[in-house]
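S.K.:
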Amino acid sequence: MSLLLLIEQVLNGLQFGVMLFLMAAGLTLIFGVMGLINLAHGSLYMVGAFAAAAVAGFTGSFVLALIAALAAAAAAGALIELLVIRRLYDRDHLDQVLATFALILIFSEGTRYIFGSFPLFLDIPAALSGPILLPGGIYYPLYRLVIIGAGLLVAAGLFLLIARTRIGVQIRAGEADREMIAALGVDISKLYTLVFALGAALAGLAGALVGAIQSVQVGMGEPVLILAFVVIVIGGIGSIKGALVGSILVGLTDTLGGVLLPPLFATFMEPSSANAVGSAVASMAIYILMAGVLLFKPSGLFGGT
Amino acid sequence: MKLKSLIAAASIAALSAGMAYADAHGGKVKVGMITTLSGGGAGLGIDVRDGFMLAAKGNENLELVIEDDQRKPDIAVQLADKLIQSEKVDVLTGIIWSNLAMAVVPAATAQGKFYLSPNAGPSALAGKGCSPLYFNVAWQNDAFNEAAGSWASENDIKKVFLMAPNYPAGQDMIAGFKRTYTGEVVEEVYTKLGQTDYAAEIAQMRASDADTVYFFLPGGMGISFMKQYAGSGVDKNVMGPAFSFDQGILGAIGDAALGVKNTSHWSKDLDNEANVKFVADFQAEFGRLPSLYAAQGYDTALLLQSAMGKADVKDAAAFQAAMEEADFASVRGDFSFAPNHHPIQDIYMREVVKEGDVVTNKVIGVAASAHQDVYGADCKM
Amino acid sequence: MTEPLLKLSDLKKSFGALKATDDVSLTLLPGEIHALIGPNGAGKSTLIKQIAGGLRSNSGTVEFAGRDVTPLGTVARARAGLGRTFQISSLAMEYTVLQNAVLGALGHDGGVMRFFRPVMKNRPLVDRAMAALVRVGLQDQAAKRTADLSHGQRRLLEVAVALTLEPKVLLMDEPMAGLGASGSKRLTGFLDDLRTQAPILLVEHDMDAVFALADRISVLVYGRVIATGTADEIRRDPTVREAYLGAEDAA
Amino acid sequence: MARETLLNIVLFALLPVTALAAFMLDEPFVITLVTKAAILALAGVGLNIALGLGGLVSFGHAAFFGLGGYAMGVLASHAQSYTPIMESPFLIEGTKSMLVIWGVAIVTGGLAALAIGALSLRTTGVYFIMITLAFGQMLYYFAISWPAYGGEDGLSIYIRNEFPGLNTLDPIQFFAIAFGVLAIVLFIASRLAKSPFGLALSAARQNAERVETVGITPFRLRLVAFVISGAITALAGALFADLNRFVSPTMFSWHTSGEIMVFVILGGVGRLFGPVAGAALYILLEHVLGGLSDFWHIYLGLLLLLVVLFARGGLIGTLAGREVAHD
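Residue numbers (our numbering), protein chains in the order written: chain A, 1 to 305; chain B, 1 to 381; chain C, 1 to 251; chain D, 1 to 327.
#1: Give me, in chain order, the residues of the same chain whose beta-carbon lies closer than 7 Å to that of Ala53 (chain A); leave out the 5 immediate sequence neighbours on both sides.
#2: Going by DSSP, what residues sit across from His41 (chain A) in a beta bridge?
#3: Mind checking if Val18 (chain A) is an interface residue toward chain B, Cβ cutoff 8 Å exclusive?
#4: Considering Asp254 (chain A), what are the terminal residues of the alpha helix (DSSP H) in which it resides?
#5: Kindly indicate which three-state DSSP category Phe240 (chain D) falls into: helix, strand or coil?
#6: Could you tell me the boundaries of the alpha helix (DSSP H) in which Ile184 (chain D) lies?
#7: Identify each residue in the segment 276-297 of chain D for which the Cβ-Cβ distance to at least one residue of chain B is less than 8 Å, and report them in chain order.
#8: Given that a residue counts as buried once 16 or more other Cβ atoms are within 10 Å of its Cβ, and exposed if not, what is Glu162 (chain D)?
#9: Looking at Leu315 (chain D): is its Cβ nearer than 8 Å to the Cβ of Gly278 (chain D)?
#10: Give me, in chain order, the residues of the same chain whose beta-carbon lies closer than 6 Å to that of Thr95 (chain D); leave out the 5 immediate sequence neighbours on both sides.
#11: What do you reckon, are the CB atoms on Leu51 (chain A) and Ala72 (chain A) nearer than 8 Å?
#12: Please list the segments of the beta strand (DSSP E) lying wholly inside the segment 76-149 of chain A, counting only runs of 3 or more residues, in order along the chain.
#13: What runs of the alpha helix (DSSP H), each 4 residues or longer, lie entirely inside the segment 190-238 of chain C?
#14: Could you work out which residues of chain D lie near Ser90 (chain C), taking near to mean beta carbons separated by less than 9 Å?
#15: Quick one: does Ile7 (chain B) have its CB under 8 Å from some CB of chain A?
#16: Which residue's Cα is closest to the Cα of Leu201 (chain C): C:Asp68, C:Ser57, C:Ser14 and C:Phe86?
#17: With a cut-off of 8 Å, does the C-beta of His93 (chain A) fall near any C-beta of chain D?
#18: Distance, Cα to Cα, Ser232 (chain B) vs Asn12 (chain A)?
#19: Tell me which same chain residues have a C-beta within less than 8 Å of the C-beta of Ala326 (chain B), skipping the five on either side of it?
#20: So is Met102 (chain B) in contact with chain D if we call contact Cβ pairs under 8 Å?
#21: Could you spell out the range, first to last residue, of the beta strand (DSSP E) harbouring Gly83 (chain C)?
#22: Any beta carbon from chain D within less than 8 Å of Cys379 (chain B)'s own beta carbon?
#23: I'd like to know if the segment 181-196 of chain B and the segment 236-243 of chain B are in contact, where contact means that at least 3 CB-CB pairs between them fall below 8 Å.
#24: Look at the Cβ atom of Ala359 (chain B), then the Cβ atom of Gly254 (chain B), and state whether they are nearer than 8 Å.
#25: Specify the secondary structure class of Gly26 (chain B) as computed by DSSP and reduced to three states.
#26: May I have the straight-line CA-CA distance separating Thr109 (chain B) from Thr93 (chain B), to the nearest angstrom?
#27: Can you find a C-beta in chain C that's less than 8 Å from the C-beta of Ile216 (chain D)?
#28: Which word fits Phe15 (chain C), buried or exposed, when buried means at least 16 other C-beta atoms lie within 10 angstroms of its C-beta?
#29: Within 10 angstroms of the Cβ of Leu6 (chain D), are there 16 or more other Cβ atoms? Answer buried if so, exposed if not.
#30: Taking C-beta pairs closer than 8 Å, name the residues in chain B that Ile172 (chain D) reaches, listed in chain order.
#31: Determine which residues of the segment 59-72 of chain D have a Cβ less than 9 Å from any Cβ of chain G, and write them out in chain order.
#32: Select from C:Val219, C:Gly229 and C:Ala231 the residue whose C-alpha is nearest the C-alpha of Asn40 (chain C).
#33: Could you list which residues in chain C have their beta carbon closer than 9 Å to that of Val224 (chain D), in chain order?
#34: Report the rounded CA-to-CA distance for His61 (chain D) versus Ala208 (chain D), giving the unit in angstroms.
#35: Thinking C-beta only, is Leu153 (chain A) closer than 8 Å to Gly26 (chain A)?
#36: Would you mind listing the alpha helix (DSSP H) stretches within the segment 257-286 of chain B that are 4+ residues and don't spill past its ends, in chain order?
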């Protein structure tokens with residue numbers, strides 16, 4: 001394999017990782033502040049993608065579609081926080097898993113009820129389509145570079161938000177000690193709704209950005225959700241930094257594993273079965289990575305003790 | 001628009017419920033349809049159902065019970081048990097997916113029920129596992145790919161890059177293509193089932209010296225790949241079996257699919273009387289363009305009704321003989337059954353074009369005429 | 001001279017910059033009650049955890065019955081005969097009082113990997129558990145859910161569970177807390193008898209009890225033992241008076 | 001206590017009574033449904049040992065369910081095609097005997113649970129939930145992409161496996177087998193809960209520090225519980241495969257793990273008969289709601305949400321009131 005191709009694959013892994021970060025950041029934030037496992041996070045991703053597709057269909061504007069995705073996902077997030085999620089903060093993880101599993105069922109079938117069973121159309125804007133030539137002679141899709149840029153921007157924004165703003169102070173206080181934050185006179189339920197909506201908006205943004213290059217369909221959030229969980233478990237639940245590192249790790253492992261493992265197996269097996277075995281191992285690679293990390297660091301790379 | 005079509009579907013469903021509970025059953029045929037109506041992939045099942053009901057509309061001798069398998073094999077098996085044991089149906093049909101068919105068909109035929117496949121044609125059921133009671137009205141899994149392979153060989157396509165998900169149907173499809181293709185296979189890539197991002201594979205395509213990419217990626221996987229491929233600037237030709245370029249899917253891919261060649265046994269622009277009527281009726285009834293699944297559902301009902309006119313379903317041998325005649329006007333043109341009860345039919349090459357605002361398929365030639373699968377030799381019945 | 005049953009040598013534990021345990025050495029002799037006193041935050045509970053095995057020391061050793069148990073965890077130290085009661089009751093709250101005591105007897109027995117015979121029908125176990133409850137006076141509460149006990153009763157149950165282990169040494173972290181005057185008095189009398197069975201390292205705030213019971217007293221301030229001696233010696237020790245008891249006297 | 005016992009008896013009797021009634025009325029499909037409920041209840045009973053007794057929220061029990069299924073699939077498919085599973089170093093043949101298949105399923109499930117548990121139990125809380133999920137997913141992808149036993153297509157077994165003295169293809173007789181297994185396992189589970197092991201395991205869930213202090217290692221208790229739990233769920237998987245005469249990777253999917261968990265929760269966590277109530281209710285809902293609407297998952301979701309939010313203790317908890325301490 002040529003070096004150029006390898007670099008391109010690393011870029012692909014990076015882009016996949018950045019997209020995962022948008023999902024994982026919200027999940028980990030919600031867990032860090034409220035101690036909640038939210039399986040329905042993938043549904044918010046789907047809501048974002050469908051809202052974007054619907055608005056893009058009406059207006060033809062990708063920018064409006066993105067705004068709609070953010071708004072719809074944040075609204076959906078705030079709504080379920082108010083109706084359901086806030087009753088779960090004091091419950092054990094089992095109840096949280098089940099209640100949010102129930103929300104997945106409701107969201108998925110509800111979306112199918114509204115939008116039908118066929119995938120929706122959402123395309124990238126003409127200005128961002130096509131490849132550009134990177135230094136070194138790599139042609140790379142512009143839109144994917146934009147995703148990498150947008151993701152890193154969001155990451156930077158999140159770090160600033162948490163390090164520099166009043167809300168950030170409250171979030172950090174909430175992570176450290178939930179009783180303390182109430183003592184600080186912060187309206188805790190408002191803060192929770194806000195954080196939840198923020199996490200939901202990030203998921204919605206990811207759904208819209210990715211929906212443009214993938215398929216906008218019911219159930220699209222579930223594979224991503226599982227990957228996002230793998231990410232935050234690897235990174236350490238509650239840690240934004242862990243989510244970033246974990247996303248990049250998972251993105252690279254998944255992409256490079258799929259590319260490199262089959263030829264690797266071919267060096268000592270006959271080609272046809274090497275391909276099958278290599279692909280099989282590649283599809284398990286990130287789970288093997290996660291199990292490996294947890295064996296050595298049972299609370300993830302950046303998790304507390 | 002989507003909402004409207006849904007309401008139409010709902011009203012048809014209500015109609016079918018009425019049909020299901022129509023009284024007596026003597027001399028009539030009771031059909032159990034197991035198909036995917038909820039969850040992922042429901043679009044395909046809905047089309048098969050709608051196509052079938054369109055062709056069966058008004059036939060009071062045909063009683064239809066519809067069940068939703070949720071695309072889960074275990075549910076499908078239980079529904080088959082229910083339809084056979086409780087509803088006492090004579091004929092089963094409707095299954096979309098190969099793996100569900102493998103779960104249901106052998107057991108159903110073992111219990112003496114006819115099964116008509118409106119989609120899915122796993123090789124096991126065409127060869128060693130064939131049955132006198134099993135009729136495939138769609139295609140054997142390899143058919144479109146074998147046709148594509150010979151078309152590619154004849155049309156000066158020298159180097160191909162092959163891609164499919166890593167599961168049996170995917171491996172079958174690629175094997176089918178390679179069976180008839182005489183050029184060079186540059187690379188063969190198997191992706192994860194359900195994969196949504198193909199950046200890595202597209203990079204490999206860019207780096208390879210293939211002139212054509214041939215892929216099989218059903219459902220959302222194909223949509224994702226085509227959108228990403230179009231944005232990548234890789235300008236190799238793209239080919240595939242029809243499943244990734246069906247009407248329901250083209251709407252989601254949009255212009256990115258334009259120019260793609262795909263093989264199919266049916267296209268909505270096929271110029272035969274039956275097809276013109278079918279396309280017009282379907283649009284009038286449901287307000288959307290029919291898909292190839294709808295066409296298969298429609299043909300399935302036509303075949304069944306042709307046999308009902310000739311024999312009583314209680315007389316299995318006579319009914320089987322009547323079915324083997326395939327005496328109906330298929331929307332695909334000429335249609336007959338090979339000895340293994342799989343179709344002998346023309347496979348067309350289509351190209352994705354834009355008609356006005358609608359992205360759709362147009363037939364550009366015949367890829368394989370009177371195509372028949374290779375597994376029939378193993379079928380002893 | 002008798003060998004100490006429990007011997008701590010130069011134990012250290014720090015959390016970041018905070019030295020919670022700073023070079024602590026002390027011994028527990030057969031038949032004695034050795035009280036550990038000190039102001040809040042002096043590191044008494046941390047030290048108890050280090051002795052019981054729940055918290056690893058940075059350095060130093062813990063010897064128990066002549067054997068170095070420093071590398072062992074809680075379970076192994078418990079099995080070696082180190083009984084313990086907690087400052088904040090640590091019991092299986094859904095269980096009955098008797099079940100908690102049976103759990104202790106079961107732990108002592110070691111037959112936990114038995115899967116079929118109902119444990120509450122195992123006469124010898126239940127009898128031993130009941131005997132322990134009788135000794136602390138909880139026999140009438142045996143069928144009550146532990147969650148429904150008062151705080152004082154839970155402290156007694158802790159002691160009873162520790163007794164079912166037939167320990168060689170008892171570590172008790174504030175057993176008197178929440179008992180009330182009469183309860184304390186009763187428990188004081190009970191511990192007085194208990195010392196012949198197993199010596200006790202007693203952390204306690206109730207100074208009446210400490211001075212009534214302790215053969216020796218160690219005073220812990222900021223993680224260091226500033227004095228060890230008999231009750232009289234400690235009372236008279238000027239550093240102790242200054243650092244700690246002064247406040248008590250004034251009160 | 002008496003109320004829950006009474007309820008349990010009624011619930012337990014409900015299965016055979018429904019099956020017999022269906023037999024009299026010649027409704028074989030209803031028997032099949034009741035059989036399915038009994039088998040899924042069995043899977044739930046398995047999970048409940050880890051979840052209810054041990055407090056181990058395993059989101060990966062589909063792994064064991066699927067392994068049990070594939071134990072049946074692999075053995076029976078080899079017997080069906082008269083090809084040995086392996087010839088060297090020694091010959092292993094396929095089999096159509098249910099009893100042998102069950103044995104293999106139990107051992108396979110138990111060994112897998114030993115390996116997965118030994119690794120996963122090093123973590124706690126959310127990490128445990130997620131690492132068990134990861135192991136389930138690993139097996140899922142493995143099953144899909146491993147071509148030898150059908151991959152995504154799964155394996156069809158045309159004739160149900162054999163049980164001495166019974167015709168397993170007759171729905172009512174197969175129900176009797178499934179119900180018999182469920183009854184035996186329920187009995188074992190009830191003894192287990194009251195055994196020394198059960199006492200210590202449940203104590204470790206309530207307060208691990210307490211258990212350590214009396215000289216018992218919680219890790220070992222949990223690992224053994226996980227192994228027993230996995231073995232029972234694998235047994236259920238083998239029966240489920242026999243019910244359908246079919247196995248596929250779907251049995252490994254995380255939805256399956258979620259569903260088994262739903263049975264346990266719907267019925268009541270930690271209640272002996274909780275999974276029985278939960279599985280029966282689930283099957284009932286699937287067929288009542290599924291008949292009413294293509295979108296029945298919405299109603300299932302709403303119901304589940306209501307149970308989690310307002311009816312803690314599940315169906316049995318709601319009907320029987322607060323759990324009384326085991327005596």
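Backbone N, C-alpha and C define an ideal beta-carbon position, used for all residues, glycine too.
No experiment lies behind these values; they were computed from the predicted model shown.
M.R.: Per the coordinate set shown:
#1: If the five residues before and after Ala53 (chain A) are omitted, its C-beta is found closer than 7 Å to the C-beta atoms of Leu120, Phe121, Leu122, Gly211 and Val216, all from its own chain and listed in chain order.
#2: Bridge partners of His41 (chain A) according to DSSP: none are assigned.
#3: no
#4: Ile240 to Ala266 is the span of the alpha helix (DSSP H), which, as asked, contains Asp254 (chain A).
#5: helix
#6: Pro171 to Lys194
#7: Gly290, Asp294, Phe295, Trp296 and His297
#8: buried
#9: yes
#10: Leu75 and Ala79
#11: Correcting the residue type first, residue 51 (chain A) is Ala in the shown sequence and not Leu. Yes, Cβ-Cβ distance for Ala51 (chain A) and Ala72 (chain A) is below 8 Å.
#12: 131-134 and 138-141
#13: 207-213 and 231-236
#14: Within chain D, the residues near Ser90 (chain C) are Asn207, Glu209, Arg210 and Thr213.
#15: Low local confidence applies: a pLDDT of 39 at Ile7 (chain B) is under 50, so the model's placement there is unreliable, with the coordinate-based value given in what follows. No, Ile7 (chain B) does not count as interfacial toward chain A.
#16: If we check each option's Cα against that of Leu201 (chain C), C:Phe86 comes out closest.
#17: yes
#18: 12 Å
#19: Leu303, Ser306, Phe335, Ser336 and Phe337
#20: yes
#21: Leu82 to Thr85
#22: no
#23: no
#24: According to the sequence shown, residue 359 (chain B) is Val rather than Ala. The answer is yes: Cβ separation under 8 Å.
#25: Summary for Gly26 (chain B): the model assigns pLDDT 45, below 50, so the residue's position carries little reliability; its value from the coordinates is reported in the next sentence. In the structure shown, Gly26 (chain B) sits in coil (DSSP, three-state: anything other than H, G, I, E or B).
#26: So the alpha carbons of these two residues sit roughly 12 Å apart.
#27: yes
#28: Exposed, since its Cβ has fewer than 16 Cβ neighbours within 10 Å.
#29: exposed
#30: What Ile172 (chain D) touches in chain B: nothing, since even the nearest Cβ is about 12 Å away.
#31: This model lacks chain G altogether, as its protein chains are A, B, C and D.
#32: C:Val219
#33: Met113 and Phe115
#34: 23 Å
#35: no
#36: 273-286
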